[in-house]
Structure formats: structure tokens, C-alpha cells
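Take the sequence shown: its letter number 383 is residue 422 in this note's numbering, and every next letter is one higher. Using N, Cα and C, we set each Cβ at its ideal position, and we do this for glycine too. Computed from a predicted structure; not experimentally measured.
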Amino acid sequence: MASIWCGQGVRENLCEEGASAVERRVPATLLQYSGCYAFKPEASASCPQEPSSVLLNTSRGNFDGGYPPVFYGVMSVFAGDSISTSILVMRAVNAFFFLTLTATIFFLLPVARRGPLLWGSIVSLVPLGMFIIPSVNPSSWAVLSAATLWVSLLAYFQAQTRSRLFAFGILAAISTIVGAGARGDSAVYAAIAMVTVFMLAFERTQSFLRRSLLPLGLGLVAVAFFFSAGQSAIVSPDALSEGATRQEVVSLTISNILLLPQLWAGALGLWGLGWLDTTFPGLVWIPALVIFMSTLFWGLRRVSLRKGLALGLVFGCLVLIPLYILVNDRVLVGSGVQPRYIYPLMIMLVGLAVLDLDRVDLGLSRVQLTVVAVCLSIANTVALHVNIRRYVTGTDVGVLDLNKNAEWWWLLPISPMQVWAIGSLSFTLALIGAVFFSVTRSEGIFPTSNVAASKHLDHGTRISAA
40 MASIWCGQGV RENLCEEGAS AVERRVPATL LQYSGCYAFK PEASASCPQE PSSVLLNTSR
100 GNFDGGYPPV FYGVMSVFAG DSISTSILVM RAVNAFFFLT LTATIFFLLP VARRGPLLWG
160 SIVSLVPLGM FIIPSVNPSS WAVLSAATLW VSLLAYFQAQ TRSRLFAFGI LAAISTIVGA
220 GARGDSAVYA AIAMVTVFML AFERTQSFLR RSLLPLGLGL VAVAFFFSAG QSAIVSPDAL
280 SEGATRQEVV SLTISNILLL PQLWAGALGL WGLGWLDTTF PGLVWIPALV IFMSTLFWGL
340 RRVSLRKGLA LGLVFGCLVL IPLYILVNDR VLVGSGVQPR YIYPLMIMLV GLAVLDLDRV
400 DLGLSRVQLT VVAVCLSIAN TVALHVNIRR YVTGTDVGVL DLNKNAEWWW LLPISPMQVW
460 AIGSLSFTLA LIGAVFFSVT RSEGIFPTSN VAASKHLDHG TRISAA
């Protein structure tokens, strides 16, 4: 939070000069508040706090360029004297940003191309995405970029009109800056997304070469963000140079390979949220994991050489990137690398898997889509209840009513139970809408000319719009 409050530099009563060049004075609550309940799941978030005018010196922030500055700079616009109000506004802004950008891309895409964005995002949202997206963590923008960059960039290469070409180009640029400007690793994922799109869209034409100038420029932007951040230090291997024998490195590598699936499953609920102290029952992570893996497997029913290469690249990165960091830091899965760090790659993987199915419903039946919706609705409903419970009373209270004996809540006119009901119902209605749209569009109740156009693109139609 200190990084956000200092995102625009020194400001009176928000972020003031500290004891050294890499320290700042920020409201004490930002530094102290979570200390009474972090890693204590049985404790609620009801903690004593100082007035926002009381400032403390700290080095815990993005004061030395450890992270790219864009996310913190934008969020700092909403930082004010009321810390709780500021945080609520930031959360709402990030949720709105995700919905706005994905909806814009969705409605600009040809109908048959909407499936990867729609279902690729939906089946990977619960529970980590639902927690991260409306958060004040830079991973919020990393998730947004992962879901939208490769889709908008591929649509940019396939655009048949100048208006769509410019629109998707702008959206791809926004998605790149959003991701690369939030986290150093997200800048790497942006570059990976661009490479996969080049694999999928490559043509030996002048039009392709002209259109390639934009992603090449965006790639340079991503690289610049990465190397400007302190996270880039991970590219310097030191496991061997610091005394580990080759045998120890090999043994650690094998052990981590065996444990890697647990890290992937952690993004779907096997691991906890927050400080990893909010754990979920099987009714959350089992449906989420089954739906994600089933969608991934279903997408493999049609794999061209290009799609196979793109999938291989993303899956390879999903293995090698966390493995490299774990071995470099000489730790096992469970330490050092959290699921949210590799979660963007999982979103890209499942989206790419369902590419080229040429139907917004992915070729799934009504019953299958209904099962997907029911499973994810149940998983989200339970996950939201567990997460609210953890902060309202702590996990040592097991009643259904979140309002009963509540020890903490936001200064809001609605209760914990009402937030749970609204959140659960909203996601369920969104799932119903996704199923209805997918079924009706694919069955031809609405015009389907876009489907034929999209299929024509798959066979290498050369576009002269550029």
C-alpha cells in the first residue's frame, strides 16, 4: 500500500521524504494495520489504527524501482485522507477496468472468435481471479493483460477493416502497458503473448510485415519495463555460483518438477488467498480444477501445427519459469513462487487451447455448458463466503450468517451477507448470460455470417486493409 500512496512521488500527508533516499513516511495504518491478522486466519480484520495524519518511516515500498511504476502511479490518483474509502475506490476501479476492456474486445471480435476470450477467462476466474482482479495488488493488471493481450493482438492481425485494425491495435497497446507497467514478470508474459500471436498469424505478405511494426514496438516497451524493474535480477543465475553442487541442483530440479502441478492447482483454489492463510474446502478447488482441465482437454480436439507450437510455448513457460526461480532460490514448491505469479500463463494456456473451435460455445452442448456454469457458480459462492468470513470474524466462526457476531466490516451501507448475496448472484447471472449467448449464437438464432467470415480467415485469407 505504501507503494500506491507514493506512486506520484512526495505529497504532503500522503507520502513524505523518509530517512534515506529509499525510504518514505506514509500513514502508519498502511504499515501496521494488517499486522494483527496476517497469517492468523482465526483473527478478524478488526485492528486498532492510527489517524491517517500519523506518518511512519518505511523502506517497504517501490522506492527503488523494484516494480514498474504505472500501476502504482495510476492507483495513487485515488489515494486520500480516508484510507478505507481510497481502497474501496481502487478496488472498484480495477474491477470496472477489467470489465470494460474485456467487454470492448468481446463486442469488437467476430462472433466465432469470442469463445477463447469468454470461456478462457471464465473457466480460470474462480477463485484466484475473482480475488485478484478487484484488488490493490499489481497482479490485478497482470491478469487483465493475460486475458486480453493475445486476443486483441491476434484480432489486430486478422482485422478486415481499418477501423477494426486501429481499434484492436489500440486495445493491444493498452493491454501491453497495463501488464508490463504492473509487474516485471507480466512484461515477460506480454512478450510471450506476442510471440504466440506471431506463430498463429504469420504470413509472407507485405501486409503482415507492416502490421508487425506495432507488436514489435510493444515488445520493446515490454522489454524496457522488465529491465527497468528490480525483478529482472532473477535472470542472473546464482544457484551454482553460490556453492550448490551440480548434484544438489539436479536433485532440487527433479523434486520441484514433481511438485509443480500443486503450484498450478494453487491458482484454482488448492492454495489459500491473501497471505495464503485463507484456505478453501474441496467444494471450491475441485470443481474449479475439473472445469479448467476439462476445457483445456476439450480444446485439444482441434490442434493445428501453429496452435500446437503456441500451446507448447506457453506450457513450456508454465514449467520452466517457476522451475528456474525455485531452483535459483534453492527452495521447493510452497516457498518463493506463489500461484498468482504464474496464473497469467494459465489464463493464456486455456484461452489458446479453445482457439480455432469456430463456435462461441466451443462445440459444447447445452448440458455441458450448464454443468460448467453450475460448477463455477457453486465454487465462487463458497469461495466468496469463506473469504468474507475470514476477515469479518476469522475462520474460527463456522455459521452461515456472516452478519452474526461480526467483528469487522467496511463503512458501507450494505452488510457482509448482502455483499455475499450480490457477489454470488451477479457471477451466477453472468454465467447464465454467457451460456445463453453461446447457445443462441451458435445455433443460429442470431445472424451467423461472422462465423463463416472467421472460418475463412483460418484458411489464410490475405487482408488488404493495412
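Need the endpoints of the beta strand (DSSP E) that residue i sits in, please.
i, result
"Arg-63", "63-66"
"Asn-96", "94-97"
For residue i, which option in the options has the closest C-alpha, if you only look at C-alpha atoms?
i, options, result
"Thr-284", "Ala-212, Ala-118, Val-366, Met-385", "Val-366"
"Tyr-382", "Val-358, Val-399, Val-93, Leu-439", "Val-358"
"Val-132", "Val-175, Leu-415, Thr-432", "Val-175"
"Gly-223", "Phe-110, Pro-66, Val-61", "Phe-110"
"Leu-328", "Ser-92, Ser-85, Leu-164", "Leu-164"
"Phe-237", "Tyr-430, Phe-205, Val-190", "Val-190"
"Pro-300", "Tyr-72, Thr-215, Arg-428, Val-372", "Val-372"
"Pro-80", "Leu-464, Gln-457, Gly-472, Gly-437", "Gly-437"
"Gly-313", "Leu-451, Gly-168, Phe-336, Arg-249", "Gly-168"
"Arg-379", "Trp-44, Ser-91, Ile-171", "Ile-171"
Taking the straight line between their C-alpha atoms, what separation do you get for residue i and residue j?
i, j, result
"Thr-409", "Val-474", "7 Å"
"Leu-394", "Arg-152", "8 Å"
"Leu-391", "Lys-346", "7 Å"
"Phe-145", "Arg-398", "14 Å"
"Val-227", "Ala-118", "29 Å"
"Ala-445", "Met-40", "25 Å"
"Ile-502", "Leu-210", "Any reading at Ile-502 must be qualified, since the residue scores a pLDDT of 40, below 50, and its modelled position is unreliable; no value is offered."
"Phe-241", "Met-387", "19 Å"
"Val-425", "Val-234", "39 Å"
"Val-113", "Leu-53", "15 Å"
"Pro-320", "Ser-454", "24 Å"
"Leu-239", "Ala-230", "14 Å"
"Ser-294", "Ser-42", "36 Å"
"Ile-484", "Arg-405", "Only weak support is given to the placement of Ile-484: the predicted model assigns it a pLDDT of 42, under 50, and the question is left unresolved by the model."
"Arg-50", "Phe-135", "27 Å"
"Gly-375", "Arg-64", "28 Å"
"Pro-108", "Ala-268", "9 Å"
"Val-411", "Ser-83", "33 Å"
"Val-288", "Asp-435", "41 Å"
"Met-129", "Gln-245", "44 Å"
"Ala-219", "Leu-257", "10 Å"
List the endpoints of the continuous alpha helix (DSSP H) containing residue i.
i, result
"Val-182", "178-197"
"Pro-155", "153-161"
"Ile-325", "321-338"
"Ala-142", "122-147"
"Ile-360", "344-368"
"Trp-44", "41-44"
"Leu-53", "Per DSSP, Leu-53 belongs to no alpha helix (DSSP H) and is neither H nor E."
"Tyr-111", "109-114"
State the CB to CB distance for the pair residue i and residue j, rounded to an integer number of angstroms; the pair is presumed to be in contact (CB under 8 Å).
i, j, result
"Thr-141", "Ala-185", "Contact doesn't hold; Cβ gap of about 11 Å is too wide."
"Leu-95", "Leu-70", "6 Å"
"Val-389", "Gly-159", "5 Å"
"Leu-204", "Ala-212", "With a Cβ gap of about 13 Å, Leu-204 and Ala-212 do not count as contacting."
Extract the residue ranges of the beta strand (DSSP E) inside the region 378-460, only unbroken runs of 3 or more that lie entirely within it. none
Pick out the complete beta strand (DSSP E) segments inside the region 201-226, 3 residues or longer, and give them in chain order. none
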